[in-house]
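Going by UniProt numbering, the sequence shown opens with residue 1, and the numbers climb by one from there.
Ideal placement from N, C-alpha and C gives every residue a C-beta, glycine not left out.
Below: the structure, in structure tokens.
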Amino acid sequence: MRIAVLGGAGFIGSNFVRYLASHRSMDLMVYDKLTYAGRYENIADLVEKGRVLFVRGDIANEELLSHALAEFKPDFIVNFAAETHVDRSINDPSPFIKTNVLGVYTVLEVLKKTDSIYIHISTDEVYGDLWGDGEASEDWPLNPSSPYSASKAAGDLLIKSYGRTYGIRYRILRPCNNYGPYQHPEKLIPRTIIRLLNGKPAVIYGDGSQVRDWIHVEDTCRAIEMVMQRGGDSEVYNICANQYASIREIVSLLVSHLGRDPLRDIVYGRPRPGEDRRYAMKCDKIKGLGWSPTIGIGEGLKKTIEWYLSNEWWWRPLVDERYVLSDSPWSMGG
Ligand code: NAD
């Protein structure tokens with residue numbers, strides 16, 4: 001089995017490559033632009049051992065991508081490559097359109113010339129706000145709220161159209177909020193841990209009552225593998241843990257785990273513009289393939305804190321003023 005992993009130097013992508021490299025004897029290639037979010041260090045040991053072939057490239061570069069895939073001849077192409085941070089998409093949507101829309105379009109054009117099965121990593125954010133106790137199934141209308149989620153929804157729709165029109169073989173996965181090792185410090189859980197370790201209070205945008213479903217990245221990796229093994233072509237699969245918690249609950253758990261005082265060590269910043277109140281999905285479809293999540297939120301957060309405590313070398317160079325240390329990272333004027 002030969003697997004090309006686009007965006008395999010980022011958070012979920014590198015966890016997925018590490019997971020496959022440790023569990024299976026597959027041939028693996030990572031193709032990644034190494035933006036500010038992608039780090040060669042995340043997979044360097046595997047490349048140096050000859051376990052993974054690494055190509056630095058942009059998914060929107062048709063010539064290079066086409067050449068790399070024609071040489072490697074993958075059975076599956078798993079695409080994690082994306083601009084992913086909502087705060088950044090508020091400040092400047094243009095890289096999100098270039099990678100998440102034009103980049104996906106380029107991948108699809110290249111796919112026309114291959115027999116590979118395309119596994120696309122989308123997001124629960126494409127469904128937008130879920131009110132009351134509603135849970136989105138895979139055929140729920142797409143109703144994105146941020147430039148990030150709109151660009152991801154556009155990618156999903158393009159893929160469906162290429163499946164229908166050109167017969168491309170694809171499977172779309174929509175995971176909920178992931179956390180775990182190698183996640184960039186700009187994202188909520190690492191940012192909170194790192195701010196507390198740097199003597200700064202944790203910051204919550206708005207009142208923190210926004211609800212998310214939290215999944216450990218190892219469970220997501222197993223879900224992706226399951227869809228590769230048992231999923232159907234032209235199908236969409238939600239990946240969720242049904243472990244709902246508000247941002248305030250997550251931040252409070254982290255503050256307590258790190259021995260800080262929730263009353264003193266949490267501050268409330270400006271609400272994030274356009275932020276969704278609640279994401280929630282039904283996951284019966286992927287559970288029907290035989291997958292279910294295994295890592296509870298308490299255990300998962302503890303493991304994640306331990307990883308950040310032991311790997312300061314990894315996160316220290318990524319701590320920036322705007323997206324990690326600032327209480328209000330976006331500017332509405334751009
Ligand atoms: P990340 O930001 O950590 O990593 C993205 C990777 O893509 C980086 O290695 C980056 O260098 C690479 N990349 C960006 N633009 C590229 C381009 N034009 N060409 C080639 N490589 C490029 O992201 P992540 O959190 O690991 O997310 C991976 C995927 O999962 C994304 O598609 C995201 O939308 C989706 N997702 C993430 C979450 C989450 O909670 N992290 C939840 C649901 C869905």
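Nearest Cα to T165 within the set G208, L111, L173 and I121: L111.
Taking 8 Å as the cut-off, the beta carbon of N100 is found closer than this to the beta carbon of E83. Not one heavy atom of the ligand NAD is found less than 7 Å from the C-beta of E62.
When only Cα atoms are considered, D213 and A9 end up about 24 Å apart. DSSP places R171 inside the beta strand (DSSP E), whose first and last residues are Y170 to P175.
Not one heavy atom of the ligand NAD lies closer than 7 Å to the C-beta of N91. In the three-state reduction of the DSSP assignment, R2 falls in the strand class, which pools E and B. Boundaries around R56 are those of the beta strand (DSSP E), V52 to R56, since no alpha helix (DSSP H) includes it. Each residue's CA atom was taken as its position, placing V227 and R264 some 44 Å apart.
In this structure, the ligand NAD has a non-hydrogen atom nearer than 7 Å to the beta-carbon of L6. When only Cα atoms are considered, E109 and D27 end up about 24 Å apart.
Within the model, the alpha-carbon separation for H184 versus L196 is close to 16 Å. Measuring C-alpha to C-alpha distances from M1 to each of Y308, E225, V47 and L142 identifies E225 as the nearest. With 16 or more other CB atoms across the displayed protein chains lying within 10 angstroms of its CB, H120 is buried. Nearest to S116 by C-alpha distance, out of G103, S149 and F76, is F76.
In this structure, I59 has its CB closer than 7 Å to one or more heavy atoms of the ligand NAD.
Taking every protein chain shown into account, the CB of Y36 has fewer than 16 other CB atoms within 10 angstroms, so this residue is exposed. Exclusion of the five residues before and after P147 leaves S89, P93 and F96 as the residues of its chain whose Cβ lies within less than 6 Å of its Cβ. Excluding its 5 nearest sequence neighbours in each direction, L102 has C-beta neighbours in its own chain below 6 Å: A60, listed in chain order.
For V319, there is no enclosing alpha helix (DSSP H), as DSSP gives it neither H nor E. Remark: the C-beta of G300 is outside contact range of the ligand NAD, defined as less than 7 Å to any heavy atom. A heavy atom of the ligand NAD is found nearer than 7 Å to the CB of E83. For H120, DSSP records a beta bridge to N79 and I172.
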